[in-house]
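Asker: The structure under discussion is supplied below as C-alpha coordinates; questions concerning it will follow.
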Amino acid sequence: MTRAWQDSTALELGRGIAAGSIDPVELTEFFLDRIAQDDPNHLVYLRTTRDRALAEAKAARDRAAAGLRLGPLDGVPISWKDLYDTAGIETAMGSPQLAGRIPERDALVLERATRAGMVCLGKTNLVEFALGGLGINNGTGTPPNACDDVTPRCPGGSSSGAATSVARGLAVAAIGSDTGGSVRIPASWNGLVGLKTTFGALPLDGVMALSPSLDTVGPLTRDVADANAIFAAMAAAQPADLSGADIADQTFLVADSIVWDKCDPSVAQTVEAAIAALEAAGAKVERAPVPEFDEIDDVLNRHGGLVVAEGYHSWRHCLDDEAKLARVDPVVRDRMMQGKAMTATDIAIAREEAARIGAALHHRMTAYSAVLAPTVPILPPAIADVATDAEAYGKANMAALNNTRLGNVLTLCALTIPCGQVSGLPVGLMLMGRPGTDNALLRIGAAAEPVLRDLMA
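In my numbering, each residue's number is its place in the sequence shown (first place is 1) plus 861.
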(Lines of atoms letter the chains of each structure in order from A and count residues from 1; the text may use other names and numbers.)
(Lines give C-alpha, C1' and ligand atoms only; values in the text may rest on other atoms or scores of the structure.)
Protein backbone atom coordinates (compact mmCIF):
# COMPACT_ATOMS: atom_id res chain seq x y z
CA MET A 1 0.00 0.00 0.00
CA THR A 2 1.20 3.54 -0.74
CA ARG A 3 -0.96 5.76 1.49
CA ALA A 4 0.23 6.86 4.93
CA TRP A 5 -1.34 4.85 7.71
CA GLN A 6 -3.26 7.84 9.07
CA ASP A 7 -4.86 8.39 5.67
CA SER A 8 -5.68 4.73 4.98
CA THR A 9 -8.95 2.91 5.33
CA ALA A 10 -9.51 0.14 7.84
CA LEU A 11 -9.78 -2.50 5.14
CA GLU A 12 -6.57 -1.30 3.46
CA LEU A 13 -4.69 -1.65 6.72
CA GLY A 14 -6.31 -5.01 7.35
CA ARG A 15 -5.07 -6.23 3.98
CA GLY A 16 -1.59 -5.02 4.87
CA ILE A 17 -1.70 -6.99 8.12
CA ALA A 18 -2.89 -10.09 6.25
CA ALA A 19 -0.07 -9.72 3.72
CA GLY A 20 2.54 -9.37 6.46
CA SER A 21 3.56 -5.86 5.41
CA ILE A 22 2.04 -4.19 8.49
CA ASP A 23 2.72 -5.20 12.11
CA PRO A 24 -0.41 -4.55 14.22
CA VAL A 25 1.74 -3.57 17.21
CA GLU A 26 3.68 -1.00 15.19
CA LEU A 27 0.40 0.25 13.75
CA THR A 28 -1.15 0.67 17.18
CA GLU A 29 1.95 2.36 18.59
CA PHE A 30 1.92 4.69 15.59
CA PHE A 31 -1.60 5.89 16.41
CA LEU A 32 -0.97 6.09 20.16
CA ASP A 33 2.10 8.26 19.47
CA ARG A 34 0.07 10.50 17.14
CA ILE A 35 -2.59 10.92 19.82
CA ALA A 36 0.03 11.88 22.42
CA GLN A 37 1.63 14.41 20.06
CA ASP A 38 -1.46 15.91 18.41
CA ASP A 39 -4.00 15.82 21.25
CA PRO A 40 -2.05 16.95 24.35
CA ASN A 41 -5.08 18.70 25.86
CA HIS A 42 -7.34 15.64 25.52
CA LEU A 43 -9.92 17.42 23.41
CA VAL A 44 -10.33 14.49 20.99
CA TYR A 45 -9.61 11.59 23.34
CA LEU A 46 -10.71 11.92 26.93
CA ARG A 47 -8.47 8.97 27.68
CA THR A 48 -6.52 6.34 25.77
CA THR A 49 -6.52 2.63 26.60
CA ARG A 50 -2.83 2.07 25.89
CA ASP A 51 -2.32 -1.17 27.82
CA ARG A 52 -5.43 -2.77 26.38
CA ALA A 53 -4.63 -1.58 22.87
CA LEU A 54 -1.11 -2.98 22.88
CA ALA A 55 -2.26 -6.30 24.33
CA GLU A 56 -4.94 -6.59 21.65
CA ALA A 57 -2.43 -5.63 18.95
CA LYS A 58 0.05 -8.27 20.13
CA ALA A 59 -2.68 -10.90 20.04
CA ALA A 60 -3.56 -9.78 16.50
CA ARG A 61 0.09 -10.07 15.46
CA ASP A 62 0.28 -13.61 16.86
CA ARG A 63 -2.89 -14.62 15.01
CA ALA A 64 -1.60 -13.15 11.75
CA ALA A 65 1.68 -15.03 12.10
CA ALA A 66 -0.22 -18.27 12.71
CA GLY A 67 -2.63 -17.73 9.81
CA LEU A 68 -5.55 -17.47 12.23
CA ARG A 69 -6.83 -13.93 11.66
CA LEU A 70 -10.34 -13.28 12.94
CA GLY A 71 -11.44 -11.34 9.88
CA PRO A 72 -10.57 -8.38 7.63
CA LEU A 73 -10.41 -5.91 10.54
CA ASP A 74 -8.19 -8.00 12.83
CA GLY A 75 -5.49 -5.72 14.23
CA VAL A 76 -7.05 -2.44 13.04
CA PRO A 77 -7.13 0.32 15.72
CA ILE A 78 -10.34 2.33 16.21
CA SER A 79 -11.76 4.80 18.74
CA TRP A 80 -14.89 4.58 20.88
CA LYS A 81 -17.19 7.39 21.98
CA ASP A 82 -17.13 7.74 25.75
CA LEU A 83 -20.58 6.33 26.30
CA TYR A 84 -19.65 2.73 25.46
CA ASP A 85 -18.93 0.78 28.63
CA THR A 86 -15.30 -0.32 28.64
CA ALA A 87 -14.25 -2.78 31.33
CA GLY A 88 -12.02 -1.17 33.94
CA ILE A 89 -11.93 2.18 32.12
CA GLU A 90 -13.80 5.31 33.17
CA THR A 91 -16.86 5.85 30.97
CA ALA A 92 -18.59 9.11 31.85
CA MET A 93 -20.61 10.33 28.83
CA GLY A 94 -18.76 13.63 28.74
CA SER A 95 -20.14 14.65 32.13
CA PRO A 96 -18.05 15.73 35.16
CA GLN A 97 -20.87 14.43 37.37
CA LEU A 98 -20.18 10.89 36.17
CA ALA A 99 -16.40 11.01 36.64
CA GLY A 100 -15.15 7.84 38.30
CA ARG A 101 -17.80 5.62 36.74
CA ILE A 102 -15.89 2.44 35.85
CA PRO A 103 -17.87 -0.40 34.22
CA GLU A 104 -17.09 -4.02 34.95
CA ARG A 105 -17.59 -5.23 31.39
CA ASP A 106 -17.58 -4.00 27.82
CA ALA A 107 -20.65 -2.89 25.91
CA LEU A 108 -21.88 -5.72 23.69
CA VAL A 109 -20.90 -3.98 20.45
CA LEU A 110 -17.40 -3.44 21.85
CA GLU A 111 -17.25 -7.13 22.79
CA ARG A 112 -18.19 -8.04 19.23
CA ALA A 113 -15.65 -5.65 17.74
CA THR A 114 -12.99 -7.17 19.97
CA ARG A 115 -13.99 -10.66 18.85
CA ALA A 116 -13.46 -9.44 15.28
CA GLY A 117 -9.93 -8.40 16.28
CA MET A 118 -10.35 -4.61 16.31
CA VAL A 119 -8.02 -2.75 18.67
CA CYS A 120 -9.53 -0.25 21.14
CA LEU A 121 -7.37 2.92 21.14
CA GLY A 122 -9.41 4.86 23.68
CA LYS A 123 -12.49 6.88 24.56
CA THR A 124 -13.40 9.99 22.59
CA ASN A 125 -14.96 13.26 23.67
CA LEU A 126 -18.64 14.12 23.21
CA VAL A 127 -21.31 16.60 24.15
CA GLU A 128 -22.34 16.13 27.78
CA PHE A 129 -25.00 13.38 27.97
CA ALA A 130 -24.72 13.19 24.14
CA LEU A 131 -27.31 15.97 23.78
CA GLY A 132 -26.29 18.42 21.09
CA GLY A 133 -25.62 18.68 17.38
CA LEU A 134 -22.74 21.19 17.36
CA GLY A 135 -20.21 19.23 19.44
CA ILE A 136 -19.77 21.85 22.16
CA ASN A 137 -18.69 20.69 25.62
CA ASN A 138 -17.79 23.56 27.94
CA GLY A 139 -16.68 21.10 30.63
CA THR A 140 -14.31 18.70 28.89
CA GLY A 141 -13.47 21.11 26.08
CA THR A 142 -14.47 21.04 22.41
CA PRO A 143 -12.30 19.38 19.76
CA PRO A 144 -12.10 21.77 16.79
CA ASN A 145 -13.30 20.71 13.37
CA ALA A 146 -10.50 19.01 11.46
CA CYS A 147 -11.11 20.92 8.22
CA ASP A 148 -10.26 24.50 9.22
CA ASP A 149 -6.81 25.19 10.68
CA VAL A 150 -7.43 28.94 10.87
CA THR A 151 -10.80 29.33 12.62
CA PRO A 152 -11.68 26.78 15.35
CA ARG A 153 -15.07 25.56 14.18
CA CYS A 154 -17.67 23.25 15.66
CA PRO A 155 -16.87 19.59 14.99
CA GLY A 156 -20.49 18.48 15.02
CA GLY A 157 -22.07 16.44 17.76
CA SER A 158 -22.60 14.73 19.77
CA SER A 159 -19.86 12.37 18.47
CA SER A 160 -17.34 15.21 18.27
CA GLY A 161 -14.23 13.27 19.29
CA ALA A 162 -15.21 10.29 17.17
CA ALA A 163 -15.24 12.35 13.97
CA THR A 164 -12.13 14.36 14.73
CA SER A 165 -10.19 11.24 15.76
CA VAL A 166 -10.59 9.89 12.23
CA ALA A 167 -10.37 13.17 10.32
CA ARG A 168 -7.18 14.16 12.16
CA GLY A 169 -5.58 10.76 11.61
CA LEU A 170 -5.76 9.71 15.26
CA ALA A 171 -7.77 6.56 14.52
CA VAL A 172 -8.57 4.47 11.47
CA ALA A 173 -12.31 4.55 12.19
CA ALA A 174 -14.56 5.49 15.09
CA ILE A 175 -17.71 4.27 16.77
CA GLY A 176 -20.20 6.99 17.61
CA SER A 177 -23.89 7.02 18.40
CA ASP A 178 -26.81 8.73 16.68
CA THR A 179 -30.00 9.83 18.44
CA GLY A 180 -30.84 12.87 16.33
CA GLY A 181 -27.85 13.14 14.02
CA SER A 182 -24.86 12.53 16.27
CA VAL A 183 -23.02 10.31 13.77
CA ARG A 184 -24.09 12.07 10.59
CA ILE A 185 -23.53 15.71 11.56
CA PRO A 186 -19.90 15.33 12.69
CA ALA A 187 -19.19 12.94 9.83
CA SER A 188 -20.53 15.46 7.32
CA TRP A 189 -18.69 18.42 8.82
CA ASN A 190 -15.38 16.52 8.92
CA GLY A 191 -15.55 14.97 5.45
CA LEU A 192 -16.33 11.41 6.54
CA VAL A 193 -18.85 8.67 5.87
CA GLY A 194 -21.30 8.17 8.73
CA LEU A 195 -23.88 5.40 9.11
CA LYS A 196 -27.04 5.89 11.16
CA THR A 197 -28.24 2.32 11.63
CA THR A 198 -31.85 1.24 11.98
CA PHE A 199 -32.96 1.36 15.61
CA GLY A 200 -32.38 -2.11 17.05
CA ALA A 201 -30.01 -3.27 14.29
CA LEU A 202 -27.15 -3.10 16.80
CA PRO A 203 -27.54 -3.86 20.51
CA LEU A 204 -27.52 -1.09 23.09
CA ASP A 205 -26.39 -3.30 25.98
CA GLY A 206 -23.72 -1.36 27.86
CA VAL A 207 -24.36 1.87 25.92
CA MET A 208 -25.11 4.81 28.19
CA ALA A 209 -28.55 6.01 27.15
CA LEU A 210 -29.75 9.42 26.14
CA SER A 211 -33.03 8.38 24.54
CA PRO A 212 -33.63 4.61 24.83
CA SER A 213 -36.20 4.58 22.02
CA LEU A 214 -34.05 6.55 19.57
CA ASP A 215 -30.39 5.79 20.36
CA THR A 216 -28.46 3.93 17.66
CA VAL A 217 -24.87 2.72 17.28
CA GLY A 218 -22.94 3.69 14.15
CA PRO A 219 -19.46 3.97 12.62
CA LEU A 220 -17.65 7.01 11.21
CA THR A 221 -15.21 5.99 8.49
CA ARG A 222 -13.23 7.12 5.47
CA ASP A 223 -15.38 5.19 3.00
CA VAL A 224 -18.54 3.13 2.64
CA ALA A 225 -16.69 -0.19 2.51
CA ASP A 226 -15.26 0.42 5.99
CA ALA A 227 -18.69 1.36 7.35
CA ASN A 228 -20.07 -1.84 5.88
CA ALA A 229 -17.35 -4.04 7.40
CA ILE A 230 -17.55 -2.46 10.86
CA PHE A 231 -21.35 -2.53 10.92
CA ALA A 232 -21.26 -6.24 10.07
CA ALA A 233 -18.71 -6.98 12.80
CA MET A 234 -20.81 -5.21 15.45
CA ALA A 235 -23.92 -7.00 14.21
CA ALA A 236 -22.07 -10.35 14.29
CA ALA A 237 -23.23 -10.84 10.69
CA GLN A 238 -21.83 -11.08 7.20
CA PRO A 239 -21.17 -7.74 5.48
CA ALA A 240 -23.29 -6.63 2.57
CA ASP A 241 -21.92 -7.56 -0.86
CA LEU A 242 -20.87 -4.22 -2.34
CA SER A 243 -19.41 -5.66 -5.52
CA GLY A 244 -21.14 -4.67 -8.72
CA ALA A 245 -23.18 -1.88 -7.12
CA ASP A 246 -24.28 0.27 -10.06
CA ILE A 247 -25.49 3.85 -9.87
CA ALA A 248 -27.61 3.27 -13.00
CA ASP A 249 -29.74 0.81 -11.02
CA GLN A 250 -30.82 3.46 -8.50
CA THR A 251 -33.94 5.61 -8.37
CA PHE A 252 -33.67 8.49 -5.92
CA LEU A 253 -36.35 10.72 -4.45
CA VAL A 254 -35.26 14.28 -3.73
CA ALA A 255 -37.47 15.52 -0.94
CA ASP A 256 -39.14 18.86 -1.60
CA SER A 257 -39.75 19.65 2.05
CA ILE A 258 -38.28 21.25 5.16
CA VAL A 259 -34.90 19.62 4.47
CA TRP A 260 -34.12 22.62 2.25
CA ASP A 261 -35.75 25.33 4.36
CA LYS A 262 -32.76 26.17 6.57
CA CYS A 263 -30.11 25.52 3.93
CA ASP A 264 -27.24 27.90 3.52
CA PRO A 265 -27.32 28.76 -0.21
CA SER A 266 -23.79 27.46 -0.70
CA VAL A 267 -24.72 24.13 0.91
CA ALA A 268 -27.86 23.83 -1.24
CA GLN A 269 -25.86 24.58 -4.38
CA THR A 270 -23.24 21.96 -3.49
CA VAL A 271 -25.83 19.28 -2.77
CA GLU A 272 -27.77 20.08 -5.91
CA ALA A 273 -24.54 19.69 -7.92
CA ALA A 274 -24.02 16.29 -6.30
CA ILE A 275 -27.54 15.17 -7.17
CA ALA A 276 -27.02 16.37 -10.75
CA ALA A 277 -23.79 14.36 -10.91
CA LEU A 278 -25.59 11.21 -9.78
CA GLU A 279 -28.23 11.77 -12.43
CA ALA A 280 -25.56 12.36 -15.09
CA ALA A 281 -23.91 9.09 -14.05
CA GLY A 282 -27.13 7.18 -14.81
CA ALA A 283 -29.24 7.36 -11.66
CA LYS A 284 -32.93 8.16 -11.98
CA VAL A 285 -33.88 11.21 -9.92
CA GLU A 286 -37.41 12.29 -9.06
CA ARG A 287 -38.44 15.35 -7.09
CA ALA A 288 -41.62 15.37 -5.09
CA PRO A 289 -43.03 16.63 -1.80
CA VAL A 290 -42.47 14.39 1.21
CA PRO A 291 -45.24 15.67 3.49
CA GLU A 292 -44.28 13.27 6.26
CA PHE A 293 -41.13 15.27 6.94
CA ASP A 294 -43.15 18.45 7.37
CA GLU A 295 -45.79 16.67 9.47
CA ILE A 296 -43.33 15.23 11.97
CA ASP A 297 -41.54 18.55 12.23
CA ASP A 298 -44.83 20.19 13.13
CA VAL A 299 -45.59 17.49 15.71
CA LEU A 300 -42.21 17.94 17.39
CA ASN A 301 -42.53 21.71 17.39
CA ARG A 302 -46.00 21.56 18.97
CA HIS A 303 -45.50 18.78 21.49
CA GLY A 304 -41.75 18.72 22.10
CA GLY A 305 -38.97 16.33 21.23
CA LEU A 306 -38.84 12.75 22.45
CA VAL A 307 -35.06 13.06 22.81
CA VAL A 308 -35.27 15.68 25.55
CA ALA A 309 -38.20 13.96 27.25
CA GLU A 310 -36.36 10.64 27.47
CA GLY A 311 -33.05 12.40 28.15
CA TYR A 312 -34.44 14.14 31.19
CA HIS A 313 -35.89 10.86 32.44
CA SER A 314 -32.57 9.06 31.89
CA TRP A 315 -30.46 11.65 33.73
CA ARG A 316 -32.89 13.33 36.13
CA HIS A 317 -30.74 12.21 39.08
CA CYS A 318 -28.07 14.60 37.75
CA LEU A 319 -30.60 17.40 37.32
CA ASP A 320 -32.89 17.10 40.31
CA ASP A 321 -31.47 19.84 42.54
CA GLU A 322 -29.93 23.26 41.96
CA ALA A 323 -26.41 22.23 42.94
CA LYS A 324 -26.33 19.33 40.45
CA LEU A 325 -28.06 21.35 37.76
CA ALA A 326 -25.50 24.13 38.07
CA ARG A 327 -22.73 21.65 37.16
CA VAL A 328 -24.33 20.72 33.83
CA ASP A 329 -23.06 22.46 30.70
CA PRO A 330 -25.53 25.31 30.09
CA VAL A 331 -25.93 24.42 26.40
CA VAL A 332 -27.16 20.98 27.50
CA ARG A 333 -28.99 22.00 30.64
CA ASP A 334 -31.44 24.30 28.88
CA ARG A 335 -32.50 21.62 26.37
CA MET A 336 -32.66 18.87 29.00
CA MET A 337 -35.00 20.92 31.15
CA GLN A 338 -37.38 21.26 28.19
CA GLY A 339 -37.91 17.53 28.61
CA LYS A 340 -38.92 18.00 32.22
CA ALA A 341 -41.63 20.43 31.10
CA MET A 342 -43.21 18.00 28.64
CA THR A 343 -46.48 16.46 29.78
CA ALA A 344 -47.35 12.78 29.55
CA THR A 345 -49.97 13.74 26.97
CA ASP A 346 -47.40 15.54 24.83
CA ILE A 347 -45.07 12.54 24.95
CA ALA A 348 -47.84 10.10 24.09
CA ILE A 349 -49.06 12.20 21.16
CA ALA A 350 -45.52 12.62 19.82
CA ARG A 351 -44.95 8.86 19.92
CA GLU A 352 -48.29 7.99 18.35
CA GLU A 353 -47.89 10.56 15.59
CA ALA A 354 -44.31 9.46 14.88
CA ALA A 355 -45.49 5.87 14.42
CA ARG A 356 -48.35 6.90 12.15
CA ILE A 357 -46.30 9.28 10.04
CA GLY A 358 -43.41 6.83 9.87
CA ALA A 359 -45.62 4.07 8.49
CA ALA A 360 -46.86 6.39 5.74
CA LEU A 361 -43.32 7.44 4.87
CA HIS A 362 -42.05 3.85 4.75
CA HIS A 363 -44.81 3.03 2.26
CA ARG A 364 -43.94 6.06 0.12
CA MET A 365 -40.27 5.05 0.06
CA THR A 366 -40.87 1.56 -1.37
CA ALA A 367 -40.73 2.97 -4.91
CA TYR A 368 -37.23 4.41 -4.40
CA SER A 369 -33.70 3.28 -3.66
CA ALA A 370 -33.26 6.12 -1.17
CA VAL A 371 -34.44 9.61 -0.31
CA LEU A 372 -31.79 12.32 -0.78
CA ALA A 373 -31.26 15.48 1.26
CA PRO A 374 -28.47 17.69 2.55
CA THR A 375 -27.06 16.00 5.65
CA VAL A 376 -26.58 19.30 7.46
CA PRO A 377 -28.12 22.47 6.02
CA ILE A 378 -25.49 24.82 7.47
CA LEU A 379 -21.70 25.05 7.56
CA PRO A 380 -20.00 24.57 10.95
CA PRO A 381 -20.04 27.82 12.95
CA ALA A 382 -17.00 29.10 14.80
CA ILE A 383 -16.82 27.66 18.32
CA ALA A 384 -16.40 31.14 19.80
CA ASP A 385 -19.68 32.28 18.24
CA VAL A 386 -21.85 29.65 19.92
CA ALA A 387 -20.12 28.13 22.95
CA THR A 388 -21.35 30.68 25.48
CA ASP A 389 -24.11 32.49 23.59
CA ALA A 390 -27.34 30.65 24.38
CA GLU A 391 -29.37 32.28 21.61
CA ALA A 392 -26.74 31.71 18.92
CA TYR A 393 -26.18 28.17 20.13
CA GLY A 394 -29.87 27.32 20.09
CA LYS A 395 -30.39 28.66 16.59
CA ALA A 396 -27.34 26.88 15.13
CA ASN A 397 -28.02 23.66 17.02
CA MET A 398 -31.59 23.33 15.73
CA ALA A 399 -30.47 24.15 12.20
CA ALA A 400 -27.76 21.47 12.37
CA LEU A 401 -30.28 18.88 13.58
CA ASN A 402 -33.06 19.95 11.20
CA ASN A 403 -32.62 17.17 8.65
CA THR A 404 -30.94 14.37 10.55
CA ARG A 405 -33.45 14.16 13.41
CA LEU A 406 -36.18 13.20 10.95
CA GLY A 407 -34.56 9.82 10.37
CA ASN A 408 -34.39 8.96 14.05
CA VAL A 409 -37.97 9.84 14.87
CA LEU A 410 -39.27 8.09 11.73
CA THR A 411 -37.03 5.01 12.29
CA LEU A 412 -35.07 5.30 9.03
CA CYS A 413 -31.52 4.18 8.38
CA ALA A 414 -29.29 6.80 6.80
CA LEU A 415 -25.85 7.31 5.34
CA THR A 416 -23.91 10.53 4.83
CA ILE A 417 -21.24 10.68 2.14
CA PRO A 418 -18.97 13.66 1.38
CA CYS A 419 -20.21 15.33 -1.81
CA GLY A 420 -18.35 18.62 -2.16
CA GLN A 421 -16.80 21.56 -0.35
CA VAL A 422 -17.57 25.19 0.38
CA SER A 423 -14.41 27.23 0.99
CA GLY A 424 -12.62 24.07 2.07
CA LEU A 425 -15.39 22.93 4.43
CA PRO A 426 -16.93 19.55 3.53
CA VAL A 427 -20.60 19.09 2.71
CA GLY A 428 -22.42 15.77 3.00
CA LEU A 429 -25.24 14.19 1.01
CA MET A 430 -27.63 12.09 3.10
CA LEU A 431 -29.20 8.92 1.70
CA MET A 432 -32.17 7.67 3.73
CA GLY A 433 -33.61 4.16 3.58
CA ARG A 434 -36.55 2.31 5.06
CA PRO A 435 -36.02 0.65 8.45
CA GLY A 436 -34.12 -2.63 8.25
CA THR A 437 -32.59 -1.90 4.85
CA ASP A 438 -29.15 -0.97 6.19
CA ASN A 439 -27.30 -3.43 3.96
CA ALA A 440 -29.20 -2.31 0.87
CA LEU A 441 -28.45 1.32 1.77
CA LEU A 442 -24.74 0.55 2.10
CA ARG A 443 -24.80 -1.04 -1.33
CA ILE A 444 -26.53 2.05 -2.75
CA GLY A 445 -23.97 4.22 -1.01
CA ALA A 446 -21.15 2.19 -2.55
CA ALA A 447 -22.66 2.86 -5.98
CA ALA A 448 -22.94 6.60 -5.33
CA GLU A 449 -19.61 7.09 -3.59
CA PRO A 450 -17.28 7.15 -6.63
CA VAL A 451 -19.41 9.82 -8.29
CA LEU A 452 -19.51 11.94 -5.13
CA ARG A 453 -15.79 11.53 -4.40
CA ASP A 454 -14.96 13.12 -7.73
CA LEU A 455 -16.68 16.28 -6.46
CA MET A 456 -14.37 16.54 -3.44
CA ALA A 457 -11.27 17.33 -5.50
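Glycine included, each C-beta is placed from N, C-alpha and C at the ideal position. Nothing here was measured: the structure is a model prediction, and the numbers come from that model.
1. Give the range of the beta strand (DSSP E) segment to which Met1374 is assigned.
2. So, at 7 Å on beta carbons, what are the nonlocal neighbours of Ala1301 in its own chain, with the 5 sequence-adjacent residues on each side left out?
3. Assuming Ala1094 and Leu1053 form a contact by the criterion Cβ under 8 Å, report the distance between their Cβ atoms to the nearest whole angstrom.
4. Quick one: give me the first and last residue of the beta strand (DSSP E) that Val1115 is part of.
5. State the start and end residues of the unbroken alpha helix (DSSP H) segment that holds Gly1255.
6. Check Glu1147 in the structure and name its three-state DSSP category.
7. Which residue's Cα is closest to the Cα of Ser1049: Val1283, Pro1126, Gly1166, Ala1032?
8. How big is the Cα-Cα spacing for Ala1209 and Leu1161?
9. Can you tell me whether Pro1016 is buried or exposed, with buried defined as 16 or more other CB within 10 angstroms of its CB?
10. Between Pro1152 and the rest of its own chain, which residues show a CB-CB distance below 8 Å, the 5 nearest in sequence each way excluded?
11. If you draw a straight line from the alpha carbon of Ile939 to that of Leu874, how long is it in whole angstroms?
12. Distance, Cα to Cα, Thr975 vs Ser882?
13. Helix, strand or coil: which one does DSSP assign to Thr1077?
14. In this structure, how does DSSP classify Tyr1173 when only helix, strand and coil are distinguished?
15. Let me know if His1178 comes out buried or exposed under the rule of 16 or more other beta-carbons within 10 Å of its beta-carbon.
16. Which residue wins for smallest C-alpha separation from Ala1138, given the options Cys1280, Thr1204, Val1169?
17. Taking Ala1135 as the reference, which of Lys1201, Met1317, Asp1158 has the closest Cα?
18. By how many angstroms is the C-alpha of Lys1145 removed from the C-alpha of Gly1022?
19. Taking the beta strand (DSSP E) that Thr1039 falls in, what are its first and last residues?
20. So, is Ser1020 buried or exposed, given that buried needs 16 or more other C-beta atoms within 10 angstroms?
21. Do you know how far the Cα of Asp1087 is from the Cα of Ala1007?
22. Which word fits Gly993, buried or exposed, when buried means at least 16 other C-beta atoms lie within 10 angstroms of its C-beta?
23. Can you list, in chain order, the residues of its chain whose CB lies under 7 Å from that of Pro957, leaving out five sequence neighbours each side?
24. Taking Cβ to Cβ, would you say Leu1271 is nearer than 8 Å to Gly1219?
25. Hey, how far is the Cα of Leu1286 from the Cα of Asp912?
26. Which same chain residues end up closer than 7 Å to Gln1099 when comparing Cβ atoms and leaving out the 5 residues on each side of it in sequence?
27. With H, G and I counted as helix, E and B as strand and the rest as coil, what does DSSP make of Val1270?
Answerer: In short:
1. With the chain represented from 862 up to 1318, any question about residue 1374 goes unanswered, as that position is not in the structure.
2. Gly1294
3. No, Ala1094 and Leu1053 are not in contact; Cβ-Cβ is about 18 Å, not under 8 Å.
4. 1112-1117
5. Boundaries of the alpha helix (DSSP H) around Gly1255: 1251-1262.
6. Reduced to three states, the DSSP call for Glu1147 is strand.
7. Val1283
8. The straight-line gap from Cα to Cα measures roughly 12 Å.
9. buried
10. Ser1118
11. Going by the C-alpha atoms only, they are around 12 Å apart.
12. 22 Å
13. strand
14. The answer is helix: DSSP assigns Tyr1173 an H, G or I state.
15. exposed
16. Cys1280
17. Of Lys1201, Met1317, Asp1158, the smallest CA-CA separation from Ala1135 is found for Met1317.
18. 37 Å
19. For clarity, residue 1039 is Asp in the given sequence; the question names Thr instead. First-last of the beta strand (DSSP E) with Asp1039: 1035-1039.
20. Only buried fits Ser1020, as 16 or more other CB atoms lie within 10 angstroms of its CB.
21. Cα-Cα distance, rounded: 20 Å.
22. Classification of Gly993: buried, given that the 10 Å Cβ count is 16 or more.
23. Gly1000, Arg1188
24. Going by C-beta atoms, Leu1271 is nearer than 8 Å to Gly1219.
25. 36 Å
26. Excluding sequence neighbours, Gln1099 sits near Ala1093.
27. helix
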